[in-house]
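Notes for the one structure printed next.
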Amino acid sequence: MNFEKTTLRIEDTLLAILSERKKNGTFRFLRIQKEGMVDFISNDYLGLAKVSEISESLHSFVDNGASGSRLLSGNKVYHESLEKYLADYFKAESTLLFNSGYLANLGLLSSVPQKGDTILFDELSHMCIKEGVRLSRANYFNFKHNSLENLEQKLTKATGNIFVVVESVYSMDGDQAPLKQIVELCEKYSANLIVDEAHTTGLFGDSGFGLCCDLGLEDRIFARTYTFGKAIGAHGAAVAGSEILKDYLINYSRHFIYTTALNYHSVQLIENAINYRKAHPELVEKLTRNILLFRQLIRRDIPKLESFHPIQGIMVNGNEEAIKLADHLNAAGFDMRPIVSPTVPVNQERIRICLHAFNSTMEISNLCDAINEYYTQ
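According to full-length UniProt numbering, the stretch in the sequence shown is residues 1 to 377, in order.
Here you go:
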């Protein structure tokens with residue numbers, strides 16, 4: 001009886017919190033894409049998640065699951081084979097697989113920086129970076145988005161081993177970090193740079209190896225995280241760096257040690273998808289044309305992100321306006337969501353638009369027509 005009363009009190013508290021979220025228009029819920037809706041929301045930039053050819057070779061049975069963490073029964077030949085393949089692909093001494101990009105950043109940032117060290121991270125970093133930083137024992141501070149001046153101010157005051165954490169392309173704004181200048185600052189102050197390549201993996205460079213390699217900076221960066229659930233169209237992630245870093249993560253990264261390893265299908269799918277991407281550079285060319293077309297067709301007076309990445313955005317003021325515009329576009333047959341505060345800062349709410357290689361010229365033209373029409377009402 002006491003258990004039931006306690007449960008009811010807890011659920012009443014949770015219900016009150018949820019009711020407040022519903023009241024201010026920020027309540028989240030799961031939905032399945034309606035049939036016939038045009039995809040302008042997924043991170044499947046190149047459409048690889050929908051290419052059957054990538055998984056057709058996975059007909060032979062190896063296992064349904066790895067059966068344990070890699071330090072117990074879960075370490076398989078296929079894990080080590082993929083890590084060697086990825087090390088070559090990302091031009092690194094070694095790589096270590098994680099089950100997702102979120103876990104990779106948590107595992108890296110929570111274990112490597114020590115007490116007395118300092119972590120400096122861009123204020124617009126993804127939540128997995130912020131949570132990884134908080135789980136560490138180091139001192140941590142953010143710096144103004146892409147501000148080299150503010151970063152250097154913080155670097156002059158940092159103590160212990162210094163870590164600077166940035167994303168090569170930011171997930172909400174679609175803008176690039178000034179990586180060359182950040183690398184130079186890190187070298188000036190003997191700081192260790194960590195770069196999250198989630199939104200450049202598969203897109204940047206001739207073979208899709210990300211922005212760091214495309215700029216030739218890979219040997220000057222302490223660690224890079226790569227995610228395979230976006231442009232690669234699969235699942236999982238990897239941390240690229242030195243052999244020493246890999247050994248350290250195997251010994252001290254809780255998010256690696258205590259997680260059941262990826263199964264054969266997931267591992268092989270990553271390699272197949274990368275090979276498919278390498279063989280089809282025309283996908284990136286088509287995506288680039290679609291980005292340029294979108295930016296040409298949207299009226300100049302409409303507030304939008306200054307992005308030349310597949311991540312585009314129409315900026316609005318307030319959650320209510322973001323929801324209203326999203327409803328207008330959904331009703332026109334376009335699948336997308338409003339991005340509201342607190343996910344983004346107040347008065348920086350938006351409609352986040354993801355363009356893809358598989359979006360047709362007509363689909364993009366119709367989308368732009370619908371947006372332009374909304375702003376003439």
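Glycine included, every Cβ here is placed at the ideal spot set by N, Cα and C.
Q: Answer with yes or no whether the minimum CB distance from A279 to chain D is below 8 Å.
A: Of the protein chains in this structure there is only one, and it is not chain D.
Q) Under the three-state reduction of DSSP, which class applies to G241: helix, strand or coil? A) Along the sequence shown, one-based indexing puts residue 241 at 241. Strand, per DSSP.
Q) Considering D173, what are the terminal residues of the alpha helix (DSSP H) in which it resides? A) Counting from 1 along the sequence shown, the entry for residue 173 is found at position 173. Looking at the DSSP string, D173 is not in any alpha helix (DSSP H), and its letter there is neither H nor E.
Q. What whole-angstrom Cβ distance do A261 and G74 have, given they're in contact under 8 Å?
A. Here residue 261 is taken as the residue at index 261 of the sequence shown, counted from 1. Here residue 74 is taken as the residue at index 74 of the sequence shown, counted from 1. Between G74 and A261 the Cβ distance is about 4 Å, and since that is below 8 Å, they are a contact.
Q | Cβ distance (whole Å) where residue 382 is taken to contact I270 below 8 Å | A | Past the edges of the chain, shown from 1 to 377, lies residue 382, and the structure says nothing about it.
**Q.** C-alpha distance - F61 paired with Y258, whole-angstrom precision
**A.** By one-based count along the sequence shown, residue 61 stands at place 61. By one-based count along the sequence shown, residue 258 stands at place 258. Taking the straight line from one Cα to the other gives about 26 Å.
Q: Determine the contact status of I274 and I339, defining contact as a CB-CB distance below 8 Å.
A: Within the sequence shown, numbered from 1, the residue matching residue 274 stands at position 274. Within the sequence shown, numbered from 1, the residue matching residue 339 stands at position 339. The answer is no: Cβ separation not under 8 Å.
Q. For T361, which residues from the same chain have a beta carbon less than 7 Å from its beta carbon, with the 5 sequence-adjacent residues on both sides left out?
A. Reading the sequence shown from its first residue, position 361 is the one you call residue 361. L293.
Q: Have a look at R21 and A326 and give me their C-alpha separation to the nearest angstrom.
A: In the sequence shown, the residue the question calls residue 21 occupies position 21. In the sequence shown, the residue the question calls residue 326 occupies position 326. One C-alpha to the other measures close to 18 Å.
Q) Nearest to T376 by alpha carbon, out of R299, H309, K278? A) The residue given as residue 376 occupies position 376 in the sequence shown. Answer by Cα proximity: R299.
Q) Looking only at its own chain, which residues have a Cβ that is under 8 Å from the Cβ of D175, when we skip the five neighbours before and after it? A) By one-based count along the sequence shown, residue 175 stands at place 175. So the list reads N146, V169, L305, E306, S307, H309, once near-sequence residues are dropped.
Q) Would DSSP call I51 helix, strand or coil? A) As a first step, residue 51 is located in the sequence shown; it is residue number 51 there, counting from the start. Reading off the sequence, residue 51 comes out as Val, not Ile. Three-state DSSP puts V51 in coil, outside helix and strand.
Q. If you count every other CB in all the chains shown that lies within 10 Å of the CB of L71, and 16 or more means buried, which is it?
A. As a first step, residue 71 is located in the sequence shown; it is residue number 71 there, counting from the start. By the neighbour-count rule (16 or more Cβ atoms within 10 Å), L71 is not buried but exposed.
Q: Over the uninterrupted alpha helix (DSSP H) stretch that includes F294, give me the two end residues.
A: By one-based count along the sequence shown, residue 294 stands at place 294. It spans 282-297 - the alpha helix (DSSP H) in which F294 sits, taken as one unbroken run.
**Q.** Between the CA atoms of P178 and R220 - distance to the nearest angstrom
**A.** Against the sequence shown, residue 220 aligns to sequence position 220. Against the sequence shown, residue 178 aligns to sequence position 178. So the two alpha carbons sit approximately 14 Å from each other.
Q) Which whole-angstrom value describes the C-beta separation of Q33 and D335, a residue pair presumed to lie in contact below a C-beta threshold of 8 Å? A) For the purposes of this step, residue 33 is identified with residue 33 of the sequence shown, where counting begins at 1. For the purposes of this step, residue 335 is identified with residue 335 of the sequence shown, where counting begins at 1. 5 Å between Cβ atoms; contact.
Q | Y140 in three-state terms, based on DSSP | A | Working through the sequence shown from its first residue, we reach residue 140 at position 140. Y140: strand per DSSP, three-state reduction.
Q.
Along the chain, where does the alpha helix (DSSP H) containing M362 start, and where does it finish?
A. Sequence index remark: in the sequence shown, residue 362 carries index 362 (1-based). That run of the alpha helix (DSSP H) goes 361-374.
Q) Should S81 be labelled buried (16 or more other beta-carbon atoms within 10 Å of its own) or exposed? A) Translated into positions along the sequence shown, residue 81 becomes position 81. A residue is called buried when at least 16 other Cβ atoms come within 10 angstroms of its Cβ; S81 does not meet this threshold and is exposed.
**Q.** Exposure of H126, with buried meaning 16 or more beta-carbon neighbours within 10 Å
**A.** Here residue 126 refers to the residue found at position 126 when the sequence shown is read from its first residue. With 16 or more other Cβ atoms within 10 Å, it is buried.
Q. Quick one: what does DSSP say residue 434 is sitting in, helix, strand or coil?
A. An answer regarding residue 434 cannot be provided, because it is not within the stretch 1 to 377 covered by the chain.
Q. Which full runs of the alpha helix (DSSP H) of 4+ residues lie inside the segment 107-156, going along the chain?
A. 127-135, 148-155
Q. In whole angstroms, what separates the C-alpha of L108 from that of T201?
A. The count along the sequence shown starts at 1 and reaches residue 108 at position 108. The count along the sequence shown starts at 1 and reaches residue 201 at position 201. Approximately 18 Å between the Cα atoms of the pair.
Q. When you compare only the Cα positions, how much space is there between K50 and G208?
A. Within the sequence shown, numbered from 1, the residue matching residue 50 stands at position 50. Within the sequence shown, numbered from 1, the residue matching residue 208 stands at position 208. A direct Cα-Cα distance of roughly 18 Å separates K50 from G208.
(Q) Does the structure place the segment 86-97 close enough to the segment 234-245 that three or more beta carbon pairs sit under 8 Å? (A) Yes, since at least three Cβ pairs between the segment 234-245 and the segment 86-97 fall closer than 8 Å, the two stretches touch.
Q) Since residue 431 and L106 are thought to touch, with beta carbons under 8 Å apart, how far apart are those beta carbons, to the nearest angstrom? A) The question about residue 431 has no answer here: the residues shown for the chain are numbered 1 through 377.
Q | First and last residue of the uninterrupted alpha helix (DSSP H) at L262 | A | As a working note, residue 262 is residue 262 in the sequence shown. Looking at the DSSP string, L262 is not in any alpha helix (DSSP H), and its letter there is neither H nor E.
Q. Going along the chain, which residues of its own chain have a beta-carbon closer than 6 Å to the beta-carbon of R277, five neighbours each way excluded?
A. What you label residue 277 is simply residue 277 of the sequence shown in a count that begins at 1. Here the set comprises G202, G208.
Q: Could you check which residue in Y89, Q312, A138, I351 has the C-alpha nearest to that of S110?
A: The count along the sequence shown starts at 1 and reaches residue 110 at position 110. Among Y89, Q312, A138, I351, the Cα nearest to that of S110 is on A138.
**Q.** C-alpha gap between S19 and L46, whole angstroms
**A.** Within the sequence shown, residue 19 is the residue found at index 19, counting from 1. Within the sequence shown, residue 46 is the residue found at index 46, counting from 1. In this model, S19 and L46 are separated by some 39 Å (Cα to Cα).
Q) Between the C-alpha atoms of L217 and H199, what's the straight-line distance to the nearest angstrom? A) Here the question's residue 217 lines up with position 217 in the sequence shown. Here the question's residue 199 lines up with position 199 in the sequence shown. Taking the straight line from one Cα to the other gives about 17 Å.
Q. Thinking C-beta only, is Q181 closer than 8 Å to L215?
A. Counting from 1 along the sequence shown, the entry for residue 215 is found at position 215. Counting from 1 along the sequence shown, the entry for residue 181 is found at position 181. The answer is no: Cβ separation not under 8 Å.
**Q.** G313, buried or exposed, once every other Cβ within 10 Å from all chains shown has been counted against 16
**A.** Stepping through the sequence shown from its first residue, residue 313 is reached at position 313. Its Cβ being crowded by 16 or more others within 10 Å, G313 is buried.
Q: Determine the direct distance from the alpha carbon of I17 to that of M1, and round the result to whole angstroms.
A: Within the sequence shown, numbered from 1, the residue matching residue 1 stands at position 1. Within the sequence shown, numbered from 1, the residue matching residue 17 stands at position 17. Because M1 sits at a pLDDT of 47, beneath the cut-off of 50, its placement in the model cannot be relied upon, and the following sentence gives the value as read from the coordinates. The alpha-carbon atoms of M1 and I17 are separated by roughly 25 Å.
Q: Could you spell out where the alpha helix (DSSP H) holding Y78 opens and where it closes?
A: Numbered from its first residue, the sequence shown carries residue 78 at position 78. Boundaries of the alpha helix (DSSP H) around Y78: 77-89.
Q: Compare the Cα-Cα distances from L124 to each of L135, V133, N142, V112 and report the closest residue.
A: Start at 1 with the first residue of the sequence shown, and residue 124 comes out as number 124. For L124, the closest of L135, V133, N142, V112 by C-alpha to C-alpha distance is N142.
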